[in-house]
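Heads up: the structure comes next, in structure tokens.
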Amino acid sequence: MTYRDPVPQQPVVEQTEVVDDGYGKIRAVRAMCTVISAICTLFAVVLAIHILLVLGSANGGNGFAQFIASWSGAITLGLSDLFTPGDAKMQVLLNQGLAAILWLIIGAALTAIIGRLALPVQARRIRYRRTI
6 MTYRDPVPQQ
16 PVVEQTEVVD
26 DGYGKIRAVR
36 AMCTVISAIC
46 TLFAVVLAIH
56 ILLVLGSANG
66 GNGFAQFIAS
76 WSGAITLGLS
86 DLFTPGDAKM
96 QVLLNQGLAA
106 ILWLIIGAAL
116 TAIIGRLALP
126 VQARRIRYRR
136 TI
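Going by my numbering, the letters in the sequence shown line up with residues 6 to 137, in that order.
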């Protein structure tokens, strides 16, 4: 009686080197750009909410209004006294409106620069316009 192996033996496969395609780096860079965009957009939204509360003459003693006012005071990029018109509402609109626009520009510029420098050419997002 001969001994038979219950599992047939497979031929030995040569080991090959695994080539890193850089997908992990691409995901990390895109995640970082998403976080930067989200933070800059959040700052712009907080400033816009504060502008709406001031223009709508919201109650300054309200907890939400105080919270938004304290946040907006910290993220104005030093522009809180750039324009000094006679009306306080117009001052908030101009100064914090400019700061909100700058936060959106800063976020877009940072993500564009990081994407251009850190991503390989094949992984960059291509923006195009459809034409009919």
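Where is the CB? At the ideal position from N, CA and C, for every residue including glycine.
None of these values were measured; they are calculated from a predicted model.
Spatial neighbours of Cys-38 in its own chain (CB-CB distance under 7 Å, excluding positions within 5 residues in sequence) are listed in chain order as Thr-116, Ile-119 and Gly-120. In this structure, the beta-carbon distance from Ala-113 to Leu-82 does not fall below 7 Å.
Secondary structure of Thr-39 (DSSP, three-state): helix.
The closest CA to that of Gly-61, considering only Phe-48, Ala-123 and Leu-98, is found on Leu-98.
A contact between stretches requires three or more CB pairs, one per stretch, nearer than 8 Å, and the segment 86-102 fails this requirement with the segment 66-75. Leu-109 is a Cβ neighbour of Ala-49, given a cutoff of 7 Å.
One alpha carbon belongs to Gly-78, the other to Asp-92, and they sit about 18 Å apart.
Collapsing the DSSP output to three states places Ile-118 in a helix.
The residues Ala-49, in chain order, have a CB closer than 8 Å to that of Ile-106 in the same chain once the five nearest residues on each side in sequence are set aside. Cβ contact annotation for Thr-89 (same chain, cutoff 8 Å, sequence separation greater than five): Gln-96, in chain order.
Of the residues assessed, Val-126 falls on the exposed side of the cut-off, its CB having fewer than 16 other CB atoms within 10 angstroms. For Ala-79, the enclosing alpha helix (DSSP H) starts and ends at 68-79. Distance from the Cα of Ile-56 is smallest, within the candidate group Trp-76, Ala-43, Ile-44 and Ser-42, for Trp-76. Residue environment for Ala-43: exposed (fewer than 16 other C-beta atoms within 10 angstroms of its C-beta).
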